[in-house]
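Numbering (the numbering used here), first residue to last: -6 to 204.
Below is the structure:
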């Protein structure tokens, strides 16, 4: 137990050394019902779907994506002010924004906000969630269900066309494997190739402004 606590403390010290933004959402009945996402200033991130989950799934965002997220946090005064609209809405879940830097912590919770920057920031984390879920589904197809790959690829293509993918290059190794593997359906291989090409083009020429 003492060894585990020492490791936890060391890890916390490393996390607290540089700025990071942590987002969580608790929404019983949704899928997933719980999400926890941490994004560091250098673009490294961790995604979890359970409060009890250890470690989580690591990911990396593109520089312009990280800039957009941290800029929104700055415009929200690093969560020093209330964000909740205090109106009755449906089951939108309890959201938490947390900013950590230099040992200082600022945190705010809300269900629904009318503040544009808060809505935009929540949407960034919703897009990260969608991307991580798509990545997990695609990995399961490679491991267990090659015939199901085409349907998952179609879902990923729709996300890409709607500009919902965040940190999209992390999908490239899996997409390239499918595109080059003749045991997959030709239509799946073609779709994987097209999505990979789109991701490479968009990553090479990031948008001038990020929403």
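For each residue, glycine too, the CB sits at the ideal point set by N, CA and C.
Practice item. Taking the CB atoms as reference points, tell me whether residue 143 and residue 178 lie closer together than 8 Å. Key: Remark: C-beta atoms of residue 143 and residue 178 approach each other more closely than 8 Å.
Check your understanding: Does the beta-carbon distance from residue 127 to residue 152 come in below 8 Å?
Key -> Cβ atoms of residue 127 and residue 152: closer than 8 Å.
Review point. From what residue to what residue does the beta strand (DSSP E) around residue 72 run?
Key: Counting along the chain, residue 72 falls outside any beta strand (DSSP E), and DSSP gives it neither H nor E.
Practice item. Mark residue 107 as exposed unless 16 or more other C-beta atoms lie within 10 angstroms of its C-beta, in which case mark it buried. Key: Taking all protein chains in view, the Cβ of residue 107 is surrounded by fewer than 16 other Cβ atoms within 10 Å, so the residue is classified as exposed.
**Study point:** Residue nearest to residue 133 in terms of C-alpha spacing, selected from 64, 194, 44 and 171
**Key:** Of 64, 194, 44 and 171, the residue nearest in Cα terms is 171.
Point to revise | residue 155, DSSP secondary structure in three states | key: In this structure, residue 155 counts as coil in the three-state DSSP scheme.
Exercise for review: Could you check the C-alpha separation between residue 190 and residue 42 for me, to the nearest Å?
Suggested key: So the alpha carbons of these two residues sit roughly 30 Å apart.
Point to revise | Identified DSSP bridge partners for residue 32 | key: 14 and 38.
Exercise for review: Verify the CB distance criterion: does residue 113 have a CB-CB separation below 8 Å to chain C?
Suggested key: No chain C is part of this structure, which consists of one protein chain only.
Check your understanding: On the three-pair Cβ rule with 8 Å, is the segment 52 to 60 touching the segment 70 to 84?
Key -> Judged by Cβ distances under 8 Å, the segment 52 to 60 makes no contact with the segment 70 to 84, as fewer than three pairs qualify.
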